[in-house]
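Only one structure is covered here, and it is reproduced in the block below.
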Amino acid sequence: LDTQIKRGLLDACVLAALRSGDSYGYKIIQDVSPVVEISESTLYPILKRLEATGALSSYSVEHNGRLRKYYSLTEQGQTRINEFLHDFNQILKIYNYVAKGGQQ
Amino acid sequence: MNKKQFLKALNRRLRKLTNPERAGYIDFYSELIDDNIENGKSEEEAVAMLGNIDDIAVRILSETTSDAAKSSLSMGTKTAILIALFLGSPIWVSLLAALFAVVVSLLAATAAIIVSLFAASFALAIALIGGIVSFAFLVSSNMPAALFQLGAGILSLGLSVLLFFATLALSKLLIHLLKYIFIALRKRFFSKVKSPAKISHAPAAHSKTAKRATIIAAIVAAIGIIIVFTSLAAADFKIGSIMPAAKVITGEKIYNPAEIESISIESATCDINVVPCGDNQIHISYEYRSSKEPIFELSNKRLAFETDYLFADIIQRFKTGFFSWSSSDGFITIHLPETVYCDLELNTTNGNITLEGFASSNKNSIIECDTTNGDISLTNISAGSIEIDLTNGDITLLNVSAETLSADGVNTDILFDKLTVFDISFDSTNGDIKGSINGSINDYKISVDTTNGNTNIPGKKTGKYSVEADTTNGDIAISFTES
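Residue numbers (my numbering), protein chains in the order written: chain A, 1 to 104; chain B, 1001 to 1483.
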């Protein structure tokens, strides 16, 4: 898959994983990996990037005597998901057009 | 591999990243391993689940933000980018040139300050030797003066050491300051250089030995002051008795004019006067401060007179005291018969030269006058050729006749009257050239040149005689008087 597209897909997946509630690294991987292959070393940069652009916010919670970092979806993150869905709706149209051999 | 080993190894592999970025990854992986363990894995398994550490590091480095990527550019690449920037844009060239100039001048200024302060400190230390030698010379004859010299010498030593450590501290401070500036400058070009804030500024306090030496030097200086004060008290605060005037050399020699065809006078500080006398003899009289008699040398009808103080002056200074502010000047006077067959070479550095009232019977006689800081004046003189040269002082020529005359100065007004000369050349840089020449303007070829001044006379290309006047920042006013 094209890296640019893959990155967009992964971003959307991570954001989607937070839609049902705040989550942390390990759990996000668990949630997303059945859908798309994601490694720990790819997840972290994604989280950082999304946080830097304001789509996520993070906070630390004590858990079993250590800190666990939770991520939560912001309003901006929600908008990003909507944008993704909209974009893919269009892509889907294009896909259909291409798949049908150029017939409407 | 356990968790600790893994994190340590990862940390090492991520050293190209900035500290906060690296810390973020380490925390993240630490948390993941803990979560794996919590979900029933052993520590080793938890780590193994993450995969090969080298792959992880490569992936992280390739994923990291552009900032970090930029920082991983090699120095060579950065230089290449900079060079490309300079070549591509002329403003960069001048900016770089300016920056370079700033850097160079900062370095030069710092070096100059440090070197001159150390030199001053060294000179003060040397002054101790002067004080001791003076003490030795004076101790038997003038105890207070000897004490004064010794005290001043010791004070110099103390000040020298104090200045040395002050300079040392100052140069450390300056070097730190420069470092700080250069790092700040580098940071502008290469964003990821260590922050200047991390450089410890404030130079470390003096070492113990330096502190001790400073205290001792202060004590030495204080002792010097006490000795100086004591010597002054012993002399009832009469400075004159502590610093006696230099020995005055005085004398007169008389020569038969028939024995002499040229006289050469050489002196550093004396005024040189040439005046007429009534007895048809040549007298040379002198009076100036030195410990040594002048050198007379008569050979091939040439009389050379030289004031001698080179080495003698140093000795003499020790005799009156190294720390003595009596300056010496004096005079040398040549009495000449009104008509004489004689060349004159008169050289002094800081004295005036005055010639008055004699006529050479030799059509080819030469008068040469040289000084650096003094005035030269000739009155009622007749000679074959006259050459005058000086730097800071004025030239006055009154009723002077000669075949040729050249007068050169730099910061020099050249003033003349009743000049009877066939070939005249005046040259000054920052002075006026003014006066009148005996004769008809029709006889003279005239060449005048001033850059920033006025001239009253146009150039003229024909004439059997010639007058030439050049100055840069002065006026030229030449008139002719027909008798």
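In this text, a Cβ means the ideal position worked out from N, Cα and C, and glycines have one as well.
Point to revise | Closer than 8 Å to chain B by CB, Arg19 (chain A) | key: Looking up residue 19 (chain A) in the first sequence gives position 19. Not an interface residue.
**Study point:** Contacting positions in the segment 40 to 55 of chain A - beta carbon closer than 9 Å to chain B
**Key:** Glu40, Ser41, Thr42, Leu43, Tyr44, Pro45, Ile46, Leu47, Lys48, Arg49, Ala52
Check your understanding: How about Ile1060 (chain B): is its C-beta nearer than 8 Å to some C-beta of chain A?
Key -> Locating residue 1060 (chain B) in the second sequence gives position 60, where the first residue counts as 1. For Ile1060 (chain B), the answer is yes, since a Cβ of chain A falls inside 8 Å of its Cβ.
**Study point:** chain A contact residues for Gly1051 (chain B), given Cβ-Cβ distances below 9 Å
**Key:** Along the second sequence, read from residue 1 onward, the residue named residue 1051 (chain B) stands at position 51. Ordered by position in chain A, the residues that pass the 9 Å Cβ test against Gly1051 (chain B) are Ser39, Glu40, Ser41.
Practice item. Give the residues of chain A in contact with Phe1028 (chain B), contact being defined as C-beta atoms less than 7 Å apart. Key: Your numbering for residue 1028 (chain B) matches position 28 in the second sequence. Within chain A, the residues near Phe1028 (chain B) are Gly25, Tyr44.
**Study point:** Residues of the segment 55 to 72 of chain A whose Cβ lies closer than 8 Å to any Cβ of chain B, in chain order
**Key:** Asn64, Arg66, Leu67, Arg68, Lys69
Practice item. Put Cys13 (chain A) into one of helix, strand or coil per three-state DSSP. Key: Along the first sequence, read from residue 1 onward, the residue named residue 13 (chain A) stands at position 13. Helix, per DSSP.
Check your understanding: Taking C-beta to C-beta, are Ile1037 (chain B) and Ala1046 (chain B) nearer than 8 Å?
Key -> Position 37 of the second sequence, counted from the first residue, corresponds to residue 1037 (chain B). Position 46 of the second sequence, counted from the first residue, corresponds to residue 1046 (chain B). Yes, the Cβ-Cβ distance between Ile1037 (chain B) and Ala1046 (chain B) is below 8 Å.
Practice item. Determine, using beta carbons only, whether Leu1150 (chain B) and Phe1135 (chain B) come nearer to each other than 8 Å. Key: Taking the first residue of the second sequence as position 1, residue 1150 (chain B) is located at position 150. Taking the first residue of the second sequence as position 1, residue 1135 (chain B) is located at position 135. Cβ distance < 8 Å, so Leu1150 (chain B) and Phe1135 (chain B) count as in contact.
Point to revise | Val1274 (chain B) beta carbon less than 8 Å from that of Glu1356 (chain B) | key: Numbered from its first residue, the second sequence carries residue 1356 (chain B) at position 356. Numbered from its first residue, the second sequence carries residue 1274 (chain B) at position 274. Yes, these two residues count as a Cβ contact at 8 Å.
Check your understanding: With 8 Å set as the bound, which would you pick, yes or no: does the beta-carbon of Gly1024 (chain B) sit closer than that to a beta-carbon of chain A?
Key -> Here residue 1024 (chain B) is taken as the residue at index 24 of the second sequence, counted from 1. Chain A contact via Cβ: present.
**Study point:** Helix, strand or coil at Ser1382 (chain B) [DSSP, three-state]
**Key:** Mapped onto the second sequence, residue 1382 (chain B) falls at position 382. Strand.
Exercise for review: Starting from the Cα of Lys1003 (chain B), find the closest Cα among B:Phe1426, B:Asp1308, B:Gly1474, B:Ile1053 and give me that residue.
Suggested key: Within the second sequence, residue 1003 (chain B) is the residue found at index 3, counting from 1. For Lys1003 (chain B), the nearest C-alpha among the options comes from B:Ile1053.
Review point. Looking only at C-alpha atoms, which of B:Asn1456, B:Thr1404, B:Asp1271 sits nearest to Thr1348 (chain B)?
Key: The residue given as residue 1348 (chain B) occupies position 348 in the second sequence. When each option's Cα is compared against that of Thr1348 (chain B), the closest is B:Asp1271.
Check your understanding: Tell me which same chain residues have a C-beta within less than 8 Å of the C-beta of Leu1178 (chain B), skipping the five on either side of it?
Key -> Counted from its first residue, the second sequence places residue 1178 (chain B) at position 178. For Leu1178 (chain B), where only same-chain residues beyond five positions count, the Cβ hits under 8 Å are Leu1106, Leu1107, Thr1110.
Point to revise | Lys1434 (chain B) classed as buried or exposed, judged by whether at least 16 other C-beta atoms fall within 10 angstroms | key: Residue mapping note: residue 1434 (chain B) aligns to position 434 of the second sequence, counting from 1. Under this definition Lys1434 (chain B) is a buried residue.
Review point. How would you list, in chain order, the residues of chain A whose beta-carbon sits under 8 Å from the beta-carbon of Glu1038 (chain B)?
Key: Residue mapping note: residue 1038 (chain B) aligns to position 38 of the second sequence, counting from 1. The answer, in chain order, is Asn64.
Review point. What residues from chain A crowd round Glu1045 (chain B), counting only those whose CB sits closer than 7 Å?
Key: Reading the second sequence from its first residue, position 45 is the one you call residue 1045 (chain B). None at all; the shortest Cβ gap to chain A is about 14 Å.
Check your understanding: Which chain A residues are close to Asp1054 (chain B), counting only those with a beta carbon under 7 Å from its beta carbon?
Key -> Taking the first residue of the second sequence as 1, we reach residue 1054 (chain B) at position 54. Residues of chain A passing the Cβ test: none, with the nearest at roughly 11 Å.
Review point. So which residues on chain A does Leu1107 (chain B) lean against when the C-beta distance must stay under 8 Å?
Key: Taking the first residue of the second sequence as position 1, residue 1107 (chain B) is located at position 107. Going along chain A, no residue has its Cβ under 8 Å from Leu1107 (chain B), so there is no contact; the nearest lies around 42 Å.
Review point. So what's Arg7 (chain A) in DSSP terms, helix, strand or just coil?
Key: Counting from one through the first sequence, the residue named residue 7 (chain A) turns up at place 7. It is helical.
Review point. Are any of the Cβ atoms in chain A nearer than 8 Å to that of Gln1005 (chain B)?
Key: Taking the first residue of the second sequence as 1, we reach residue 1005 (chain B) at position 5. Not one chain A Cβ lies under 8 Å of Gln1005 (chain B).
Exercise for review: Note down, one range per segment and in chain order, each beta strand (DSSP E) of at least 3 residues found wholly within the segment 1325 to 1413 of chain B.
Suggested key: 1331 to 1336, 1343 to 1348, 1353 to 1360, 1366 to 1370, 1376 to 1382, 1385 to 1389, 1395 to 1408
**Study point:** Other residues of its chain near Asp1370 (chain B): CB distance less than 6 Å, five sequence neighbours each side excluded
**Key:** Here residue 1370 (chain B) refers to the residue found at position 370 of the second sequence. Excluding sequence neighbours, Asp1370 (chain B) sits near Asn1347, Asp1389.
Practice item. State whether the segment 1018 to 1031 of chain B contacts the segment 61 to 74 of chain A, with contact taken as three or more CB pairs (one from each stretch) at a distance under 8 Å. Key: yes
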